[in-house]
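**Q** Residue numbers (the numbering used here): 21 to 427. I'd like to ask some things about the structure below.
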């Protein structure tokens, strides 16, 4: 695989030190929080997508197994290989697309479409098309995209106080105190206090949780040209436009400069292997990965890759015990999950805003990118992150052209 591109002075380069010297409680906690955000924010959509394909209970469990193990192995391997917090995720917009469009499609044909989409993803990485595209995205636009993606999480932290104020307000107060007294342990303390309060209020019930591992179920693919075009190609476009593109932009906005081609190749290849078991689309993560890229994960950016490793290990465990994990997440109150996500991403959101509006000549494009991405709109089945990026680049081109013409 090609080595990461760290030629720019702004890139974060990490010397090959011993993993056990780099790992810390804060990075492990950041990895755990990232996994919690990833699962709780969209696990229900995975169930809907699998059910839409007519999957049995065993096949639905297999989907969770394939996705969990796939995310775990790729997150762990890529983070160790490139010494960066490189988390992967399932395609949440892709799952939403499948939940709407799979009814009436035999599950064997759906699996064939997953394989076709995965092949297209892998080719994008191997040929270097994706890497060449990323070179044309300025840092301000990438930072604005990051801030726009995280905006709704920051707002949700305060929106939940309208219905239940004690739990999120106490968690926020814990974070503020932690940032002053023990910055590296601020988020772990928030998680601990949140769980204790929820238990005291009787909002957590873990009785009757199953403890059996999930057995993967192989489904032989059927390649129907109509399904490949109607399901496979849109799934590929959605995954690239709304998942991989923002994810690489978030990485670069945080100061990490990997060569994106190997990353896309590995996630596409992993999807090829796991699609027959229900792993419909693996991609680079943006929102959950952002938790592992900020100062709350570790003050030293060179040690934050251990958060990606920790997330990978937890993803694998969660994939193996998919039914148990589902029960645990269902036991946590939604207010706790939303508050934890918002607090864990506050520092990264602030960094994104600072980077977006640092250069005055790029602020018009950055504000368009930020607002359109944060609006949460969906046009033609593609989310606001893609349209925000596209609109920002167009505005930047127009404003730059105007200034050059006047000059």
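Virtual Cβ for every residue (Gly too), placed ideally from N, Cα, C. Keep in mind that this is a model prediction, so the values were computed, not measured.
(1) Look up residue 302 in the DSSP assignment and say whether it is helix, strand or coil.
(2) What I want to know is whether the C-beta of residue 279 ends up closer than 8 Å to one or more non-hydrogen atoms of the ligand MG.
(3) Distance, Cα to Cα, residue 379 vs residue 160?
(4) Straight-line CA distance for residue 43 to residue 124?
(5) Alpha carbon to alpha carbon, how far is residue 416 from residue 259?
(6) Here's the rule: buried if 16 or more other CB atoms are within 10 angstroms of the residue's CB, otherwise exposed. What is residue 65?
(7) Ends of the beta strand (DSSP E) at residue 109?
(8) Can you give me the Cβ contacts of residue 297 inside the same chain, cut-off strictly under 8 Å, excluding the 5 residues immediately before and after it?
(9) Does the beta-carbon of residue 318 have 16 or more other beta-carbons within 10 angstroms, so that it is buried, or is it exposed?
(10) Grouping DSSP H, G and I as helix and E and B as strand, with all else coil, what is residue 231?
(11) Considering only the beta carbon of each residue, do residue 353 and residue 212 sit closer than 9 Å?
(12) Kindly indicate which three-state DSSP category residue 399 falls into: helix, strand or coil?
(13) Does residue 202 come out as helix, strand or coil in the three-state DSSP assignment?
(14) Assuming residue 307 contacts residue 139 under a Cβ cut-off of 8 Å, what Cβ separation, rounded to an integer in Å, is found between them?
(15) Would DSSP call residue 384 helix, strand or coil?
(16) Give a yes or no on whether the C-beta atoms belonging to residue 107 and residue 331 are separated by under 9 Å.
(17) Let me check understanding here. Comparing Cα to Cα, which of 77, 94, 114 lies closest to residue 398?
(18) Less than 9 Å separating the beta-carbons of residue 133 and residue 251?
(19) So residue 408 packs on residue 418, CB below 8 Å; how close in whole Å?
(20) To the nearest angstrom, how far is it from the Cα of residue 271 to the Cα of residue 277?
(21) Counting Cβ pairs closer than 8 Å, one from the segment 362–372 and one from the segment 172–181, do we hit at least three?
(22) Among 77, 225, 305, 359, which has the Cα closest to the Cα of residue 98?
(23) How would you call residue 7, buried or exposed, if buried means at least 16 neighbouring beta carbons within 10 angstroms?
(24) So is residue 227 buried or exposed if we call it buried at 16+ other beta carbons inside 10 Å?
(25) Provide the residue span of the alpha helix (DSSP H) that contains residue 355, from first to last.
(26) Rounding to the nearest angstrom, what Cα-Cα distance links residue 128 and residue 302 in this structure?
(27) Where residue 145 and residue 294 are concerned, what is the direct C-alpha to C-alpha distance, given to the nearest angstrom?
(28) Let's test the definition: count the other Cβ atoms within 10 Å of the Cβ of residue 414 and tell me whether it reaches 16, buried, or not, exposed.
(29) Along the chain, where does the alpha helix (DSSP H) containing residue 144 start, and where does it finish?
(30) Tell whether a beta-carbon distance below 9 Å holds between residue 126 and residue 53.
(31) If I'm right that residue 269 touches residue 309 with Cβ under 8 Å, what's the distance once you round it to whole angstroms?
(32) When the Cα of residue 184 is compared with those of 197, 208, 103, 221, which residue comes out closest?
**A** Let's see:
(1) Residue numbering aside, residue 302 sits at position 282 when the chain shown is read from its first letter. In this structure, residue 302 counts as strand in the three-state DSSP scheme.
(2) Ligands displayed in this structure: none; no statement on the ligand MG is therefore possible.
(3) In the chain shown, residue 379 corresponds to position 359, counting from 1. In the chain shown, residue 160 corresponds to position 140, counting from 1. If you take the alpha carbons of residue 379 and residue 160, they lie about 7 Å apart.
(4) One-based indexing of the chain shown puts residue 43 at position 23. One-based indexing of the chain shown puts residue 124 at position 104. Distance between the alpha carbons of residue 43 and residue 124 is about 48 Å.
(5) In the chain shown, the residue the question calls residue 416 occupies position 396. In the chain shown, the residue the question calls residue 259 occupies position 239. Each residue's Cα considered, the two are about 25 Å apart.
(6) For this step, residue 65 is matched to residue 45 along the chain shown. It is buried - the Cβ of residue 65 has at least 16 other Cβ atoms within 10 Å.
(7) As a working note, residue 109 is residue 89 in the chain shown. Its beta strand (DSSP E) spans residues 108–110.
(8) Within the chain shown, the letter at position 277 stands for residue 297. Cβ within range, chain order: 82, 83, 85, 86, 236, 237, 238, 239.
(9) Translated into the one-based positions of the chain shown, residue 318 becomes position 298. Residue 318 is classed as buried because its beta carbon has at least 16 other beta carbons within 10 Å across all chains shown.
(10) Within the chain shown, numbered from 1, the residue matching residue 231 stands at position 211. Of the three classes helix, strand and coil, the one that applies to residue 231 here is coil, per DSSP.
(11) For the purposes of this step, residue 353 is taken as the residue at position 333 of the chain shown. For the purposes of this step, residue 212 is taken as the residue at position 192 of the chain shown. Judged by their CB atoms, residue 353 and residue 212 are not nearer to each other than the 9 Å cut-off.
(12) Within the chain shown, numbered from 1, the residue matching residue 399 stands at position 379. Strand, per DSSP.
(13) One-based indexing of the chain shown puts residue 202 at position 182. Coil.
(14) Working through the chain shown from its first residue, we reach residue 307 at position 287. Working through the chain shown from its first residue, we reach residue 139 at position 119. About 26 Å separates the two Cβ atoms, so there is no contact after all.
(15) Along the chain shown, one-based indexing puts residue 384 at 364. Per DSSP, reduced to three states, the secondary structure at residue 384 is helical.
(16) Position 87 of the chain shown, counted from the start, is the residue given in the question as residue 107. Position 311 of the chain shown, counted from the start, is the residue given in the question as residue 331. In this structure, residue 331 lies closer than 9 Å to residue 107 by Cβ.
(17) As a working note, residue 398 is residue 378 in the chain shown. Put simply, of 77, 94, 114 the residue whose alpha carbon is nearest the alpha carbon of residue 398 is 114.
(18) Residue numbering aside, residue 133 sits at position 113 when the chain shown is read from its first letter. Residue numbering aside, residue 251 sits at position 231 when the chain shown is read from its first letter. A contact, by the Cβ cut-off of 9 Å.
(19) Within the chain shown, numbered from 1, the residue matching residue 408 stands at position 388. Within the chain shown, numbered from 1, the residue matching residue 418 stands at position 398. Contact flag wrong, Cβ pair sits at about 16 Å.
(20) The residue labelled residue 271 in the question sits at position 251 within the chain shown. The residue labelled residue 277 in the question sits at position 257 within the chain shown. Roughly 7 Å separates the two Cα atoms.
(21) yes
(22) Here the question's residue 98 lines up with position 78 in the chain shown. Nearest of 77, 225, 305, 359 to residue 98, Cα basis: 305.
(23) The first residue shown for the chain is 21 and the last is 427, placing residue 7 beyond what the model contains.
(24) The residue given as residue 227 occupies position 207 in the chain shown. Residue 227 comes out exposed.
(25) Start at 1 with the first residue of the chain shown, and residue 355 comes out as number 335. First-last of the alpha helix (DSSP H) with residue 355: 354–364.
(26) Sequence index remark: in the chain shown, residue 128 carries index 108 (1-based). Sequence index remark: in the chain shown, residue 302 carries index 282 (1-based). Distance between the alpha carbons of residue 128 and residue 302: 19 Å.
(27) Translated into positions along the chain shown, residue 145 becomes position 125. Translated into positions along the chain shown, residue 294 becomes position 274. Between residue 145 and residue 294, the C-alpha separation is close to 18 Å.
(28) For this step, residue 414 is matched to residue 394 along the chain shown. Residue burial annotation: residue 414 is exposed, with fewer than 16 other C-beta atoms found within 10 angstroms of its C-beta.
(29) As a working mapping, residue 144 is identified with position 124 in the chain shown. Run containing residue 144: 127–147, per the alpha helix (DSSP H) assignment.
(30) Position 106 of the chain shown, counting from 1, holds the residue named residue 126. Position 33 of the chain shown, counting from 1, holds the residue named residue 53. Result no, Cβ atoms of residue 126 and residue 53 do not sit closer than 9 Å.
(31) Start at 1 with the first residue of the chain shown, and residue 269 comes out as number 249. Start at 1 with the first residue of the chain shown, and residue 309 comes out as number 289. Wrong, their Cβ atoms sit about 11 Å apart, outside the cutoff.
(32) Here the question's residue 184 lines up with position 164 in the chain shown. Comparing Cα positions, the closest option is 221.
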